[in-house]
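Under my numbering, the first residue of the sequence shown is numbered 782, with each subsequent residue one higher.
For glycine and all other residues, C-beta sits at the position ideal for the given N, C-alpha and C.
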Amino acid sequence: MTQRVELAALIDRLAIDTLITDYAGSVDDGDWDAYRQLFTPEGRADYRSAGGIEGSATEVSAWLAETMRMFAMRQHFIVNRRLRFGVREQDVGDTARVRADYLNPMRFAGEPDAEPATAPDFTCGGRYEFTALRTHGGWRLRQVVVREKWRSTQAAGQTWDQAVVGQRTPPLTEPG
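In structure tokens:
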């Protein structure tokens, strides 16, 4: 590989990484216009494993806009990104697949007059499978598939470890 090719591949990797980060940010911020702009015109998303829908980016963004209202706080952590450039008929590196793990703590929206809480009470994790396509406007998502592996909810007054384990776990060291 020449330095020019290596530089082009690095630039593509950074652009795709930014695309994935922008995906997380648009969902967390509830910016559904930005969400739709991340996709190709024929782009689709599949949230069925998380209890959602599968459809066009427009259909899914409308569903997300409604569904995400129940969460006052959302924050995606998308990690362990594995990127592979595609090889299809006459493909010159214009497609890419990304598999990445996610952790998504969220906070249910409380009563309108209630004191706002900041700790998450709903957390889920799993894996994303992104398919990206190089377009004249840069890299865009052709497909997003969510594969939720687990979720945890926390009742009012319950600590995180109680929600996860079902009972209070002993501290690592005894006090005093």
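Item to check | Exposed unless 16 or more other CB atoms sit within 10 angstroms - verdict on G918 | outcome: That one is exposed.
Item to check | Cβ distance (whole Å) where V927 is taken to contact D827 below 8 Å | outcome: Yes, they are in contact, since the Cβ atoms of V927 and D827 sit about 7 Å apart, within 8 Å.
Item to check | Proximal residues to I797 (C-beta, below 7 Å), its chain only, five neighbours per side dropped | outcome: The residues L864, A877, V879, A913, W920, in chain order, have a CB closer than 7 Å to that of I797 in the same chain once the five nearest residues on each side in sequence are set aside.
Item to check | DSSP bridge partner residues for A881 (one or two, in chain order) | outcome: DSSP output for A881 lists Y909 as bridge partner(s).
Item to check | A789 classed as buried or exposed, judged by whether at least 16 other C-beta atoms fall within 10 angstroms | outcome: Note on A789: under 16 other CB atoms within 10 angstroms of its CB, so exposed under the neighbour-count rule.
Item to check | Cut-off 7 Å between Cβ atoms - residues of its own chain near G832, not counting five sequence neighbours on either side | outcome: For G832, where only same-chain residues beyond five positions count, there are no Cβ hits under 7 Å.
Checklist entry - Mapping DSSP to helix, strand and coil, what is I859? => result The answer is strand: DSSP assigns I859 an E or B state.
Item to check | Where the beta strand (DSSP E) through Q935 begins and ends | outcome: Here Q935 belongs to no beta strand (DSSP E), and DSSP marks it neither H nor E.
Item to check | Delimiting residues of the alpha helix (DSSP H) encompassing T821 | outcome: For T821, there is no enclosing alpha helix (DSSP H); the residue is part of the beta strand (DSSP E) that begins and ends at 820-827.
Checklist entry - With respect to the alpha helix (DSSP H) encompassing S842, which residues constitute its N-terminal and C-terminal limits? => result Run containing S842: 838-848, per the alpha helix (DSSP H) assignment.
Checklist entry - What residue from L795, R862, A805, Q924 has the CA that sits closest to N885's CA? => result Here the closest residue by C-alpha is A805.
Checklist entry - Across which residues does DSSP place L864 in a beta bridge pair? => result The partner list for L864 (beta bridge, DSSP) reads V879.
Checklist entry - When we look at the beta-carbon of G824 and count the other beta-carbons within 10 Å, is it buried (16 or more) or exposed? => result The residue in question, G824, is buried, as its Cβ has 16 or more Cβ neighbours within 10 Å.
Next on the checklist: Taking 9 Å as the threshold (C-beta atoms), are T904 and R932 in contact?
Outcome noted: Taking 9 Å as the cut-off, the Cβ atoms of R932 and T904 count as close.
Item to check | Beta-bridge pairing of R888 - partner residues as DSSP gives them | outcome: Assignment of beta-bridge partners to R888 by DSSP yields M854.
Item to check | Where the alpha helix (DSSP H) through I792 begins and ends | outcome: Secondary structure note for I792: its alpha helix (DSSP H) is the uninterrupted segment 784-810.
Checklist entry - Does DSSP put T954 in a helix, a strand or coil? => result Interpretation of T954 is limited by its pLDDT of 42, a score under 50 that renders its predicted location unreliable; the figure taken from the coordinates is listed afterwards. It is coil, neither helix nor strand.
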